[in-house]
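Heads up: the structure comes next, in structure tokens.
There are 4 protein chains.
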Amino acid sequence: MSPKVSKEHLEQRRAKIVEAATQVFIEHGYERTTMKHVMDAADVSRGGLYQYFSNKEDLFEAILADRLLIDVAKTDQLLKEKVESYWDLLLSRIFGESKEPSDHMDPLAASNLEFFITGRNDQRRRNYAQERYSFALKLYANIIEAGQQSGEFSNKQSGEMIARSIITFIDGLALDHAILPKEDVKLKEQSSLLIEYLRLALEVKN
Amino acid sequence: MSPKVSKEHLEQRRAKIVEAATQVFIEHGYERTTMKHVMDAADVSRGGLYQYFSNKEDLFEAILADRLLIDVAKTDQLLKEKVESYWDLLLSRIFGESKEPSDHMDPLAASNLEFFITGRNDQRRRNYAQERYSFALKLYANIIEAGQQSGEFSNKQSGEMIARSIITFIDGLALDHAILPKEDVKLKEQSSLLIEYLRLALEVKN
Amino acid sequence: MSPKVSKEHLEQRRAKIVEAATQVFIEHGYERTTMKHVMDAADVSRGGLYQYFSNKEDLFEAILADRLLIDVAKTDQLLKEKVESYWDLLLSRIFGESKEPSDHMDPLAASNLEFFITGRNDQRRRNYAQERYSFALKLYANIIEAGQQSGEFSNKQSGEMIARSIITFIDGLALDHAILPKEDVKLKEQSSLLIEYLRLALEVKN
Amino acid sequence: MSPKVSKEHLEQRRAKIVEAATQVFIEHGYERTTMKHVMDAADVSRGGLYQYFSNKEDLFEAILADRLLIDVAKTDQLLKEKVESYWDLLLSRIFGESKEPSDHMDPLAASNLEFFITGRNDQRRRNYAQERYSFALKLYANIIEAGQQSGEFSNKQSGEMIARSIITFIDGLALDHAILPKEDVKLKEQSSLLIEYLRLALEVKN
DNA sequence: CATGAATGAGAATTCATTCAT
DNA sequence: CATGAATGAATTCTCATTCAT
Chain R
1 MSPKVSKEHL EQRRAKIVEA ATQVFIEHGY ERTTMKHVMD AADVSRGGLY
51 QYFSNKEDLF EAILADRLLI DVAKTDQLLK EKVESYWDLL LSRIFGESKE
101 PSDHMDPLAA SNLEFFITGR NDQRRRNYAQ ERYSFALKLY ANIIEAGQQS
151 GEFSNKQSGE MIARSIITFI DGLALDHAIL PKEDVKLKEQ SSLLIEYLRL
201 ALEVKN
Chain U
1 MSPKVSKEHL EQRRAKIVEA ATQVFIEHGY ERTTMKHVMD AADVSRGGLY
51 QYFSNKEDLF EAILADRLLI DVAKTDQLLK EKVESYWDLL LSRIFGESKE
101 PSDHMDPLAA SNLEFFITGR NDQRRRNYAQ ERYSFALKLY ANIIEAGQQS
151 GEFSNKQSGE MIARSIITFI DGLALDHAIL PKEDVKLKEQ SSLLIEYLRL
201 ALEVKN
Chain P
1 MSPKVSKEHL EQRRAKIVEA ATQVFIEHGY ERTTMKHVMD AADVSRGGLY
51 QYFSNKEDLF EAILADRLLI DVAKTDQLLK EKVESYWDLL LSRIFGESKE
101 PSDHMDPLAA SNLEFFITGR NDQRRRNYAQ ERYSFALKLY ANIIEAGQQS
151 GEFSNKQSGE MIARSIITFI DGLALDHAIL PKEDVKLKEQ SSLLIEYLRL
201 ALEVKN
Chain D
1 MSPKVSKEHL EQRRAKIVEA ATQVFIEHGY ERTTMKHVMD AADVSRGGLY
51 QYFSNKEDLF EAILADRLLI DVAKTDQLLK EKVESYWDLL LSRIFGESKE
101 PSDHMDPLAA SNLEFFITGR NDQRRRNYAQ ERYSFALKLY ANIIEAGQQS
151 GEFSNKQSGE MIARSIITFI DGLALDHAIL PKEDVKLKEQ SSLLIEYLRL
201 ALEVKN
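Chains as they are written, first to last, in full-length UniProt numbering: chain R, 1 to 206; chain U, 1 to 206; chain P, 1 to 206; chain D, 1 to 206.
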């Protein structure tokens, strides 16, 4: 009994839904998008949608997981390519390849925050949030601690705490960016301040 | 001519609703609380509730406004009492009277963020968010700039940008505190890092 | 124990409510006006309003009754003044003093129809409707029959049936006038047709 | 790809709702019927009902549209069959196949009037009313004008105005029939008067 | 597997009427 | 008498989820 449809076909269909749903979530936010929105955007039937994702939460988590995978892949490549300096590595981790502050932010970030904040009383969601947090924390902390051991960074501050404060600040930026007009957040300038701070805190040589 | 009930009674009733609603919002968050929740908690009838607040948004904004008033009053008093050093003033503005990092956070903060983030596509809500942001920004910026002019703080960094980054970081803390278990946010430690950073950025003497 | 307030005062108050309510009913129609609308327009308190009229239906009926009284008074005067010809009498009864078709209609007529048609399943309302119908019928019929007896009108058609058809046609006009744009109803022209018809049916000499 | 249920099934279901709703509207009138009434009568769930009709207004308009279609079909057939005399055509248009006054009236007529009269301040409803009026007007006017051109009717009166007055009178009849007891309206007799009038106005030969 | 019709719990809001002061 | 706060029944509409075909 071979499956009626190929695995690729299923994968394609799923990918199409994920992509369409991402756009919908970006546009309407997590709470306000309905399964109907997704159905229409992905051109799937109700039943079809539920075949792949058993509810809105599941769908959103799938999007997050997919993106995490991509993110991890990027980081892995980063680690392979450029280890000239941990400082550069840290910057590219924070700001992407350009290693420079930009006035752009992941368009899904707002819905992301929304997802976790509206679900903060739900244990499942809390666990998921924590998992993701731990993951990100480890990522930053590893880089910083490696830099400290190599002597590139100072040991004055705990690497983990610096990592935490990076995440906190970026979360704050994402939040304000979601809520306020661009003129108010000054994404770029604030990012520069963050770099400035890190340079001081880590006593980066150069 | 003679009103049925005294003005105080009305105020009391309103206050009772506001208080009860605050607890409900703290417990369930903004999106998840329903007017029914509030009715039950405040022991008011449906109609009674709607007499005072014409919908959930209105009710929540009333709570925010009430709290802002209290906050402003506190700040005013602060300004009258202690102007020994702008550094102290800034700290008491950030952490309250104790001027010290604590592991406690305004319990309504989470719903607050939720309110603004789920309503980020609503113009009315955006305006409201911006208004509140501007208000807070001015508050911090004024203190910092006064400190700079007095020579207590360095001019190296723009006072306004520092003010912005304080807000961003605090927002990030509130967000993470809402979502993650206490052990992860390390409110107190991160607050200390913030102080450390400000000390560096403002080149506070002492 | 003399009453605390004079009877005139009460009458004035009542009249004020009736007048304001009339305007409100004209503007919003019967179903759509709320007691709140009336309260605001008449500048009375809720309780005050209910003191005079125990509900919306009662209020509306009071308005109708008041207007009927005025109408009856006018007719009485008509009868005293001008009995030169029953034809003239009939016309002034239908079109008012001018005895001529006009493009204007009692502004309350629409709410009137609405009142009776939405309440057509209510026995009380039906009775009231019938009462008013009988009254109007008698009015027209009396004039026509008197004209027939005087020889001014022909006996070919039953006076009562003509009276009925006058009412029916006027009701139809009121209805169409309420619903359709002025251009479509052609109130004046249709009224002229009615006269034309009556002239034929009654074989009016002149 | 394969739809769950046949198109016929959907049509049947829709038809069932329309039919049930028609009965409900006849019984309670437009304003007084609630979607719950319809749900119960049609044995549909709330969601099911809203799947087909997005609100009460939509539902009612659907009923009207369905009936208009039937009406148009009947007229078309009429036109094909009997063009012996325009007079007969006119009568069958007014009174149906029997061409004779009857003491019966479309049971939905009352709700129909109610629908338009309670919605007279709503632009959408007004447009709809006008559209329907224009349609009916053209229908009558066409017949009369054709009769005038053929010489069967006199040109003395404008065909369009006669058409208007027919509609006005029928509307009046429907109104009175909705509100008053049968004994008062005398539908049959008044219809005869209408015929009499038309015969005079059009100077019908025979 | 895919479809989309059907379900029904639940939330918001309105308003006539009552009644304590 | 007058006031207007309080009540709560009633209604509309939405949407996640199920399930027969």
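Ideal Cβ placement from N, Cα and C applies to all residues, glycine included.
It should be emphasised that the depicted structure is a prediction, and the values quoted were computed from it without experimental measurement.
- Cβ contact annotation for U:K16 (same chain, cutoff 7 Å, sequence separation greater than five): A42, in chain order.
- DSSP, reduced to helix, strand and coil, places R:R32 outside both helices and strands of the structure shown, so it counts as coil.
- Its Cα nearest to that of R:A141, the residue R:R93 stands out among R:Q190, R:R93, R:D66 and R:F60.
- Judged by DSSP in its simplified three-state form, U:E8 adopts helix.
- Around the beta-carbon of D:H9, fewer than 16 other beta-carbon atoms lie within 10 Å, marking it exposed.
- Contact of R:Q190 with chain U by beta-carbon distance below 9 Å involves M161, R164, S165 and T168.
- Between the region 85-101 of chain R and the region 149-160 of chain R, the count of C-beta pairs closer than 8 Å reaches three or more; the two stretches touch.
- For the region 96-119 of chain U, residues whose beta-carbon sits nearer than 7 Å to a beta-carbon of chain R comprise A110, L113, E114, F116, I117 and T118.
- Using a Cβ distance threshold of 8 Å, U:L90 and U:I144 count as a contacting pair.
- For a cut-off of 8 Å, the C-beta gap from U:Q157 to U:A110 is around 30 Å, too long to register as a contact.
- With contact defined as three or more Cβ pairs closer than 8 Å, the region 172-183 of chain P and the region 123-135 of chain D are in contact.
- Per DSSP, reduced to three states, the secondary structure at P:F53 is coil, with no helix or strand assignment.
- The DSSP-derived three-state label of D:D103 is coil.
- By the 16-neighbour rule on beta-carbons within 10 angstroms, U:F135 is exposed.
- Nearest Cα to U:F95 within the set U:E31, U:R14 and U:T75: U:T75.
- With contacts defined by Cβ atoms closer than 8 Å, R:L113 and R:L68 do not form a contacting pair.
- For U:K188, the enclosing alpha helix (DSSP H) covers residues L187 to L202.
- A direct Cα-to-Cα measurement between D:I162 and P:K186 gives close to 12 Å.
- Under the Cβ criterion of 8 Å, R:E31 is counted among the residues facing chain U.
- For U:K138, the uninterrupted alpha helix (DSSP H) run begins and ends at Q123 to Q149, by DSSP.
- For the 8 Å CB-CB criterion, P:Q51 and D:D184 do not form a contact.
- The beta carbon of D:R14 is closer than 6 Å to those of Y52 in its chain, skipping five residues each way along the sequence.
- Taking the C-beta atoms as reference points, P:V38 is found nearer than 8 Å to P:A20.
- In this structure, the beta-carbon distance from R:I170 to R:P101 does not fall below 8 Å.
- DSSP places R:F95 in the uninterrupted alpha helix (DSSP H) bounded by Y86 to F95.
- If you ignore the 5 residues before and after D:T118, its C-beta comes within less than 8 Å of the C-beta of Y30 and E31, all in its own chain and listed in chain order.
- The three-state reading of DSSP puts D:E152 in coil, since its state is none of H, G, I, E or B.
- In the three-state scheme derived from DSSP, where H, G and I count as helix and E and B as strand, R:R67 is classed as helix.
- Within 10 angstroms of the beta-carbon of R:V72 lie fewer than 16 other beta-carbons, which makes it exposed.
- U:G47 is outside the set of residues whose beta carbon lies under 8 Å from a beta carbon in chain R.
- The residues I167, in chain order, have a CB closer than 8 Å to that of D:Y133 in the same chain once the five nearest residues on each side in sequence are set aside.
- At a Cβ-Cβ threshold of 8 Å, R:F115 and R:F60 count as neighbours.
- Between P:D58 and P:V18, the gap from beta carbon to beta carbon reaches 8 Å or more.
- Think of a sphere of 9 Å around the beta carbon of R:Q130: the chain U residues whose beta carbon falls inside it are I179, L180, P181 and D184, in chain order.
- Around the beta carbon of D:T34, fewer than 16 other beta carbons lie within 10 angstroms, which makes this residue exposed.
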